[in-house]
Amino acid sequence: MVGVIRGTGACLPETIVDNEDLAGIMDTSDEWIRERTGIARRRLIREETTVSMAVRAAERALEDAGVGAEEIDLILVSTVSSNTVLPSTACAVQEQIGADSAVCFDLNAACTGFLFGLSTAQTYIYAGAAKHVLVIGAESLSGLVNWEDRSTAILFGDGAGAVVLCAREGDFPPLVMHSDGGRGRVLTCGSPFEGAGGYPAQSPGSSAAKDREGARAPFIRMDGQEIFRFAVRQVPGCIEELLEKCGRSLEEIDLFLLHQANARIVEGIARRLRADPAKFPMNLAEYGNTSSASIPILLDELNRGGRLREGMRLVLAGFGAGLSWGAAYLEWQKERS
Ligand code: ACO
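For the sequence shown, my numbering begins at 323 and goes up steadily by one.
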């Protein structure tokens, strides 16, 4: 069995923050941000939360697929910015959409998270353990950004995207997933207790207040140039590995939907592959880097914008913290035959 995407959905916060707004609170400029990243504005949560955006994206994807919440057997949410450590965002989504039969869990693979969610969903479907699966990427990275650090704060936006996968007869789909923990230090976000050496060991009678000395808000830290190099070097090889696996040539692919981290990264990957840059749609000018939500948000825009025709050949590719990266091949078959 194989999972086919039957519906897509997205939810973006109402509040728009453009580059000029950021230039008003930190030493940066619209020109610098556009030139180095391709980002013009981003959406940031105010009333919304990671859970509320995940719920809305899921509802839209279900509606688009014509699948009822009660038919969903599995909800996977990729997030590093859940409202709470416990319970998971996936369980909160289950409760709010009424997917009472679903098994639910979150996974953390940063900006590659949607690809890991997709591959996990396909594995459940192939094993016969699920027929209808919701895969969601939902992030509020604005809460994990140090707004005094101009090198990271300008990059990120909040949002959620979702797909509904339905099982039908077929082989396991072509997927390539990779991780390299040895290079994890180039992109990190600590726990609140990072400065105190990690989560404090609590023993009976110990003073919780004392144990929490040194605690502070966790922030995303990165070596931007190293991540840039990693993405532009690693992702083309991963896409070539995927194409070899599925016996397709680069020219046969209609669209490459890449994680929306930076326009220069996407363009650099297209150049290395010697692929037509017009096949690499981007929306990061509007939303910035929404981490694991970026690919499903882009997919939803293309779907609702009528840009995906039946039978189109798509490659999805993600990359990010871990380090982690991966790619998936799919043929767009949204309509039930
Ligand atoms: N505004 C103005 N100047 C800035 C800003 C800013 N927001 N940020 C940094 N600068 C300055 C630096 O201080 C530096 O000044 P200096 O030359 O006087 O020292 C100068 O601009 C150049 O800085 P670099 O870091 O060399 O700039 P670079 O061209 O590498 O661009 C960027 C930085 C945009 C972060 C780039 O490296 C990048 O996009 N890397 C990928 C990072 C990424 O995508 N991370 C997202 C998370 S991971 C993921 O999603 C895969």
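By construction, the Cβ of each residue, glycine as well, lies at the ideal position given by its N, Cα and C atoms.
Item	Value
Coil, strand or helix - A424 by DSSP	coil
Cβ-heavy atom distance, H273 to ligand 1, below 7 angstroms	There is simply no residue 273 to check, as the chain begins at 323 and stops at 659 in what is shown.
R472 CB to nearest heavy atom of ligand 3 below 7 angstroms	Among the ligands present in this structure, namely ligand 1, ligand 3 is not found.
Beta-carbon gap between I394 and H454 smaller than 8 angstroms	yes
Residue from R586, E563, A597, N584 with nearest C-alpha to F578	A597
Nearest-angstrom Cβ-Cβ length linking L497 and A650, presumed shorter than 8 angstroms	5 angstroms
Cβ-heavy atom distance, C560 to ligand 1, below 7 angstroms	no
Selection from P603, I327, A643, A615 that minimises the alpha carbon distance to L624	P603
Per-residue DSSP class, three states only, for S374	helix
Residue span of the alpha helix (DSSP H) that contains R593, given as start and end	585-595
Through-space distance from V399 to G546, alpha-carbon basis	26 angstroms
Same chain only: Cβ atoms within 6 angstroms of L652, ignoring 5 sequence neighbours per side	L636
Spatial neighbours of I367 in its chain, beta-carbon cut-off 7 angstroms, leaving aside the 5 residues before and after	P335, S462, S464, D480
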